[in-house]
Structures are given as structure tokens and as C-alpha cells.
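J.: For reference, the structure I am asking about is given below.
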Ligand code: PNW
């Protein structure tokens, strides 16, 4: 990993933030009229999450949001990206809003603004109201229409004070991990349903963007957060190049094609023809999806490395997507995923800051003139307090330094990156992995809910306050 020895300074307006999501931190799942989402159901289904863990209490942010905002202010963060729980606001996924649900977010936003922290709202971070899943979920067109209504409600309630809006977080995970490999809620394993879900998530983004624009002042910014990943071929062999292009279609093009260019990649239709006929893509849908955006959010953790060859049939998947026997890559059973060489985090994800630079430069070409934000980047490590109760995480500092340096290089190379949100503000419920994987800059003792900033939080806070990366000692 490149070690920086001279200070690296960012543009003065660069936003230094941290990110979370509702189900991962809030808890209070039965308070204020909230009803179950697909993640409540999934995490309470035996065998779906590590140790049967769930978000019933999580890090109790619903009750501790004031302290959490004070912590962000102490660290010196300039921005905070959080998500709204749909079933807190619209318990059945339809109909009038529950004001008590919206009130929680009104209080949170007011608290942030009072400390000078810019809120950024993600409308959908994977927690579909269970009633909508019972009616068919994302494979059904109706879900996209319901999302537009929900977007309108939240936009009207908070659009006067929140300028930065994100429709969906990582629709790839919702579609392909939720309905394809089944490692995420709702846990379905049907490749055709996964592709239908992808289209209806795209439609939800388009309809939701229009709804937000009609509900809010025009100065506000609307974006989407994609977990676009650089897909690299193992060799320059034409078969490997073709495998990489097919995975790129399934990982990236399936979303950025319609959203940024108004069309699905033609090669995606060809490659998935035996699974789905795409007849649910109705006339006019692509125009609805292809809304002008104010910014694009990129979530980045690790690159993907592939070759064309029969995949091994047992053992954990080398694509880092868990151990499901079902693939999250419809129509690509003949592609093999390889571990990118190099050091890895606790997730088993290879640390590769060059991938972030590549990704930013790709979207700089793909969407010229569109401001970019890194809406998530970070690492899980096995953090433990020392006898004095301090948490030292030099590996995370090295990870953040390496990736922020890559962002800085991309800006120097002409990319318009406006901000960075560290994943995550604090340790939390890491989906199917439960609480074992700690992504936080702030350590949470789950038994007492005590928050302790790790050394990375202090390092990052200093970067946020000074706009400069302090030199980092090599991690031992
Ligand atoms: C993202 N994958 O999840 C999410 O937006 C966060 O909620 C999550 O905590 C964070 O990254 C860390 O995992 C992902 O398998 C989950 O490719 C899985 C994958 C990617 C992102």
C-alpha cells in the first residue's frame, strides 16, 4: 500500500463525512409505529445471519442519536449520510405517513444542523416494508410505484432542511444478493426474479427522483449510490476479457446503463436471454429511469477479478459474496472469480486503493460533468480495546489513508469528487455477518452501548478539520 510522507491537501469545499444505515444502527424496531421490514423477517429466520443476530437493538441509535451527533461534532465531521426506515414512515409501504416516524428524522436532522453537520439522506438502504415483499417485492412493478410515493412523503417532510438526497443504496445488493444468491433479505434464490428486481429498482430510482424534484426546492441535489466495482480480467486473453465485460454488465452496466445513458447494455440482454425475456421493461421505462442527476455516489471496497473457465463447485465463493450455493451472477456460471492478490481486511476483501482511482476515472469518462461522491469506503478489522479502554486500529488508518490518497490522485487527474463518507461512523449490524465484523471508526461495546472513538476516528477527524491527510506510520 502506498505510504504518504508529504501532506495531501483537498479542495476547501470537500465534504468529510461518515455513513450509516437505519437497520444497521437504529434498533427500536417496534417503536413509534414501525412495522417489520424484510431485514427483520430475514434476521429472525434461523440460519440466515451469523449467530442468529438481528437489528432489534443494534446500537440503539434511535434513543442515542443526540449523543451520536455530539460525537460526530467532537470529531469534526462535516457531513453525515444516514438512511430512513421506510416502515417507520409508511408501515404498510402504502398510504399516509406516520408523523411519529418522520419526527425521529426531523429531530435527527435538526440536531445535525445545529452542530453544522450536513445531512445526506438515503431513502432506501435495503429495508423494504415486509408487506410490500408479501405482495411480491422488487420483482413486481408495483414496488417501484410505492417507492415513488414514499420518496414524495420524505421529500416533502425534510426537503426544506436536507440538501443531499440519495434514492437507493447499492441496488446491486438488493437485486442480486436479495433475490439471486439469497444471502441478503428477502433471501430468494431465483435468477429471473433478481433481474426483474434490478429493473424495478431502476424504475424506482427514476420515479423516486422525479417525486423528490416535485416535492423539494430545486437547489437540492438528487443522486444514487452504486456499489460499482472495477472488474478486471485475469489475463488479456479474449475469453477473459469477455468474462470481465459480462460481469461488468451484471455488476455495473445493469444500473448505470439505464440511469446514466437511458439504455441497458445490449450484451446484457444477450447474456441473460435464457433466464428472462425482459418483457417487463415497458415502453417509456428507460426515459423514466434516465433522469438528469445532480451527482453520483460511489461505494467502493474492493475490485473484482475474473477469468473464463469453469468455476470450482465447492468452498466459499471467491467473489466475496458469502457461501451461498446460488450465484448472484445470472447467466455467468462459466465465469470464475479469483481473489485479487494482496493484503485483506476481516471481510476477506483485498485492499486495493488503485481500484478506487480506476472507478472514479471510469465514471469521470462515463458521466462527464457529473459531480461524484464516495458515499461509502472503509474496512472491517478485529478491533479490541486495550487495558486502558483505548482502541488502536492502525490498519484502518492505513486503509483510509490509502483510499483517500487515491481520491486525491483522481482529483489531480481531473475528476470532480466533492466528498467522502467513511463507512461507518460506528460499529454496527453487518447484515448476514451480524455484529462480528466491525467497520466503525467508533468502537461500540454492545453490552453497554458505550461508544469509544478508535485511533482512526481521531486521525479521520483531524483530516476533516484540516482538509489534509496527516502522514501515516506504516502499520505494524
Ligand atoms: C455495503 N458485496 O454492503 C453496504 O452499503 C453497507 O450497509 C455495508 O455495511 C457495507 O457495504 C460493508 O459491507 C455491501 O457482497 C455488502 O459485494 C455486500 C457487498 C457489497 C457491499
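In the numbering used here, the protein residues as written are 12 to 487.
Just so you know, even glycine gets a beta-carbon here, dropped at the ideal spot from N, CA and C.
1) Could you check how far apart the C-beta atoms of residue 48 and residue 140 are, in whole angstroms? I think they sit under 8 Å.
2) So residue 507 is in the beta strand (DSSP E); what residue range does that whole segment cover?
3) Considering only heavy atoms of the ligand PNW, does any lie closer than 7 Å to the CB of residue 35?
4) Just tell me which of 423, 426, 388 and 421 has its CA closest to the CA of residue 409.
5) Indicate whether the contact test is met: 3 or more Cβ pairs, each with one atom in the region 99-115 and one in the region 25-45, closer than 8 Å.
6) Could you have a look at residue 474 and say whether DSSP puts it in helix, strand or coil?
7) In whole angstroms, what separates the C-alpha of residue 433 from that of residue 30?
8) Which partner residues of residue 384 appear in the DSSP bridge assignment?
9) For residue 46, count neighbouring C-beta atoms within 10 Å of its own C-beta (all shown protein chains included) and say buried if the count is 16 or more, exposed if not.
10) Helix or strand or just coil, what does DSSP make of residue 454?
11) Residue 487 to residue 17, Cα distance in whole Å?
12) Examine the ligand PNW and report whether any of its heavy atoms sits within less than 7 Å of the Cβ of residue 442.
13) Please list the terminal residues of the continuous beta strand (DSSP E) segment that includes residue 245.
14) Assess, as a yes-or-no matter, whether the region 52-63 is touched by the region 76-93 under the definition of 3 or more beta carbon pairs within less than 8 Å.
15) Among residues of its own chain, excluding the 5 on either side of residue 314, which ones have a beta-carbon nearer than 7 Å to its beta-carbon?
16) Determine the contact status of residue 177 and residue 234, defining contact as a CB-CB distance below 8 Å.
17) Any heavy atom of the ligand ATP inside 7 Å of the beta-carbon of residue 266?
18) The beta strand (DSSP E) spanning residue 180 covers which residue range?
19) Specify the secondary structure class of residue 372 as computed by DSSP and reduced to three states.
20) Could you name the residues of the same chain whose beta carbon sits closer than 8 Å to that of residue 295, not counting the 5 residues immediately before and after it, in chain order?
21) With 16 other CB atoms within 10 Å as the buried threshold, where does residue 484 fall?
22) Please determine whether the Cβ atom of residue 467 lies at a distance below 7 Å from any heavy atom of the ligand PNW.
23) Let me confirm a value: residue 318 is counted as buried when at least 16 other C-beta atoms fall within 10 Å, else exposed. Which label applies?
24) How big is the Cα-Cα spacing for residue 180 and residue 417?
25) In terms of alpha-carbon separation, which member of 335, 220 and 349 lies closest to residue 258?
26) Taking only runs of the beta strand (DSSP E) that begin and end inside the region 123-183, which ones reach a length of at least 3 residues, in chain order?
27) For a test of your reading of the model: does the CB of residue 238 fall under 7 Å from any non-hydrogen atom of the ligand PNW? Yes or no.
28) With a threshold of 7 Å, establish whether the CB of residue 72 neighbours any heavy atom of the ligand PNW.
29) Can you find at least 3 beta carbon pairs, one from the region 155-165 and one from the region 197-208, that sit closer than 8 Å?
30) Among 255, 238, 54 and 285, which has the Cα closest to the Cα of residue 342?
31) With DSSP as the reference, label residue 12 as helix, strand or coil.
32) In terms of residue numbering, what span does the alpha helix (DSSP H) encompassing residue 341 cover?
T.: Checking against the coordinates, here is how it stands:
1) 6 Å
2) The structure shown does not extend to residue 507, since the chain is modelled only from 12 through 487, so no value can be given for it.
3) yes
4) 388
5) In short, these stretches touch, since the Cβ pair count reaches three.
6) helix
7) 6 Å
8) 308 and 430
9) That one is buried.
10) strand
11) Here the model assigns residue 487 a pLDDT of 49, short of 50, so the residue's position is not dependable, and the following value carries that caveat. The straight-line gap from Cα to Cα measures roughly 20 Å.
12) Result yes, Cβ under 7 Å from the ligand PNW.
13) Note, residue 245: premise wrong, no beta strand (DSSP E); not H, not E.
14) no
15) 240, 241, 243, 351, 363 and 366
16) yes
17) In the structure shown, the ligand ATP is absent; the only ligands present are the ligand PNW.
18) 175-180
19) helix
20) none
21) exposed
22) no
23) By the Cβ-count criterion, residue 318 is buried, with 16 or more other Cβ atoms from all chains shown falling within 10 Å of its own Cβ.
24) In this structure, the alpha-carbon of residue 180 lies about 22 Å from that of residue 417.
25) 349
26) 129-135 and 175-180
27) yes
28) For the ligand PNW, not one heavy atom lies less than 7 Å from the Cβ of residue 72.
29) no
30) The shortest Cα separation from residue 342 among 255, 238, 54 and 285 belongs to 285.
31) Interpretation of residue 12 is limited by its pLDDT of 47, a score under 50 that renders its predicted location unreliable; no figure is taken from the coordinates.
32) Taken as a continuous stretch (DSSP letters only), residue 341 belongs to no alpha helix (DSSP H), as it is neither H nor E.
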